[in-house]
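Chemist: Just so we're aligned: the sequence shown equals residues 1 to 348 in the UniProt record's numbering.
Mind having a look at this structure? Questions to follow.
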Amino acid sequence: MNPYVLAILLSSLGLGTTLTFASSHWLLAWMGLEINTLAIIPLMAQHHHPRAVEATTKYFLTQATAAAMIMFASTTNAWIPGEWDMNNMSSPIASTMIITALALKIGLAPMHFWMPEVLQGLDLLTGLILSTWQKLAPFALIIQMAQAVDPMLLTALGTMSTLVGGWGGLNQTQLRKILAYSSIAHMGWMIIILQYAPQLTLVALGMYIFMTSAAFLTLKTSSATKINTLTMIWSKAPTLTATTALVLLSLGGLPPLTGFMPKWLILQELAKQNLPITATIMALAALLSLYFYLRLCYAMTLTISPNTTNSTTPWRTQTPNPPLPLTLSTTIALGLLPMTPAILMLAT
């Protein structure tokens, strides 16, 4: 892609998200979401592969549907008080519709069906943008709206997303689909705690972005898109293999890695709010996700590729040094747990 075009598209992505962040007016927020969607579509379709075009079409249709729902609901709400201010949600039906549309935008269950299919058709870097940056603008609106929405709806969306995210990833062999289900499960953890401690939602979102970035950048460096490919990395880049296994375990939420922090704090807060059943369901759903992360770790570090060759294969081929973003995101994804008190102080 032409670097000038790429610069315009990436700056439009930034502009759309910033516009939504800064808005307190529904029309401006909707405009930011639309700029965001239109800026990523050329990035998704840049390879001209039939799968990429199909993924782009699916993404466009779902995002356009969600945007239309947001516009309809905010117009309906504006009839009652006569203004478009976000903090003045008078109609419960409009609030429910907007939360449903935003859930469709970020891929929360049961509106998640587009997410694995779209991510599977994209290259890894565009998939990284879709899994991280594209979640920020809708999440900003969800956080602003949370107090005006029925708590039962948020709890139902959160528990369903963690269960579906864990269950759906169990039988996958494609790494991008596994990361899509991982994304759905993490979104569920963020939504479930939103009404009780919004700062924990922000902490969980920040940790998720770093861990997912580390996972995607590792796969990009090793050009892996299937589990079979993972089995061949260990002979080429042993250090990268070790850190990747730890990043995946961090995504699963194992101590003493960074990913344990948001899950621990969220379960603690749910217990404080006298919701032991919800906390138990969330903890058990996390075990489902942990299973498929362990499956990836097993494939990477404890198996030898079944491919046999008659020629002499080199023990270790030359691999490029990991770039700075990968090194930085991996370090954050692995070692931030001791910083929990400081992060909590910053968040509150």
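Ideal Cβ positions, reconstructed from N, Cα and C, are used throughout, including at glycine.
Small disclaimer: the values here were computed from a predicted structure and weren't measured.
For G166, which residues of its own chain have a beta-carbon under 6 Å away from its beta-carbon, when the five flanking residues on both sides are left out?
Modeler: Stepping through the sequence shown from its first residue, residue 166 is reached at position 166. Counting only Cβ-Cβ distances below 6 Å, and skipping sequence neighbours, we find A185, A285, L288, S289.
Chemist: I'd like the span of the alpha helix (DSSP H) that includes K58, first residue to last.
Modeler: As a first step, residue 58 is located in the sequence shown; it is residue number 58 there, counting from the start. 50-79 is the extent of the alpha helix (DSSP H) around K58.
Chemist: Using the Cα positions of M69 and P81, report the straight-line distance between them to the nearest angstrom.
Modeler: Position 69 of the sequence shown holds residue 69. Position 81 of the sequence shown holds residue 81. If you take the alpha carbons of M69 and P81, they lie about 19 Å apart.
Chemist: Whole beta strand (DSSP E) runs in the segment 208-232 with 3 or more residues, listed along the chain?
Modeler: none
Chemist: Assign Q147 to one of two classes, buried (16 or more other C-beta atoms within 10 Å of its C-beta) or exposed (fewer than that).
Modeler: For the purposes of this step, residue 147 is taken as residue 147 along the sequence shown, with counting starting at 1. It is exposed - the Cβ of Q147 has fewer than 16 other Cβ atoms within 10 Å.
Chemist: Checking the sheet assignment: what are the DSSP bridge partners for D150?
Modeler: On the sequence shown, residue 150 is found 150 positions in, with the first residue counted as 1. For D150, which the question treats as bridged, DSSP gives no partner whatsoever.
Chemist: Can the beta-carbon of A73 be found less than 8 Å from the beta-carbon of L119?
Modeler: As a position in the sequence shown, residue 73 is number 73, starting the count at 1. As a position in the sequence shown, residue 119 is number 119, starting the count at 1. Their beta carbons are not under 8 Å apart, which means A73 does not touch L119 by this criterion.
Chemist: Taking the straight line between their C-alpha atoms, what separation do you get for T132 and L122?
Modeler: Within the sequence shown, the letter at position 132 stands for residue 132. Within the sequence shown, the letter at position 122 stands for residue 122. Approximately 14 Å between the Cα atoms of the pair.
Chemist: Flag this pair as touching only if the segment 24-41 and the segment 152-168 have three or more C-beta atom pairs under 8 Å; answer yes or no.
Modeler: Flag = no, the segment 24-41 and the segment 152-168 do not touch.
Chemist: Whose C-beta lies closer than 7 Å to the C-beta of L257 among residues of the same chain, with five residues either side of it excluded?
Modeler: As a working mapping, residue 257 is identified with position 257 in the sequence shown. If we look at L257 and ignore the five residues flanking it on each side, its Cβ neighbours are L246, L249, S250, L334, L337.
Chemist: Is DSSP giving H112 helix, strand or coil here?
Modeler: One-based indexing of the sequence shown puts residue 112 at position 112. Three-state result, H112: coil.
Chemist: Straight-line CA distance for S213 to P325?
Modeler: Residue 213 sits at position 213 when you count from the first residue of the sequence shown. Residue 325 sits at position 325 when you count from the first residue of the sequence shown. Taking the straight line from one Cα to the other gives about 8 Å.
Chemist: Tell me the residue span of the alpha helix (DSSP H) that contains W30.
Modeler: Here residue 30 refers to the residue found at position 30 when the sequence shown is read from its first residue. W30 -> alpha helix (DSSP H) spans 26-44.
Chemist: DSSP three-state call for Q273: helix, strand or coil?
Modeler: Walking along the sequence shown from the start, residue 273 turns up at place 273. It is coil, neither helix nor strand.
Chemist: What residue range does the alpha helix (DSSP H) around K105 cover?
Modeler: For the purposes of this step, residue 105 is identified with residue 105 of the sequence shown, where counting begins at 1. Start and end: 92-106.
Chemist: Determine, using beta carbons only, whether S24 and N87 come nearer to each other than 8 Å.
Modeler: The residue given as residue 24 occupies position 24 in the sequence shown. The residue given as residue 87 occupies position 87 in the sequence shown. Against a cut-off of 8 Å, the Cβ pair of N87 and S24 comes out as a contact.
Chemist: Helix, strand or coil, according to DSSP, for Q174 in the structure here?
Modeler: Within the sequence shown, residue 174 is the residue found at index 174, counting from 1. Strand at Q174.
Chemist: Using CA coordinates, which residue listed in N274, A64, T18, P322 is at the minimum distance from F139?
Modeler: What you label residue 139 is simply residue 139 of the sequence shown in a count that begins at 1. If we check each option's Cα against that of F139, T18 comes out closest.
Chemist: With which residues is D85 paired in a DSSP beta bridge?
Modeler: In the sequence shown, the residue the question calls residue 85 occupies position 85. Its beta-bridge partners are H25.
Chemist: Start and end of the alpha helix (DSSP H) containing Q134?
Modeler: Along the sequence shown, one-based indexing puts residue 134 at 134. Counting along the chain, the alpha helix (DSSP H) containing Q134 begins and ends at 133-145.
Chemist: Using C-beta distances below 6 Å, list every residue in its chain close to A204, excluding the 5 sequence neighbours before and after it, in chain order.
Modeler: Position 204 of the sequence shown, counted from the start, is the residue given in the question as residue 204. So the qualifying residues of the chain are W189, M190, P262.
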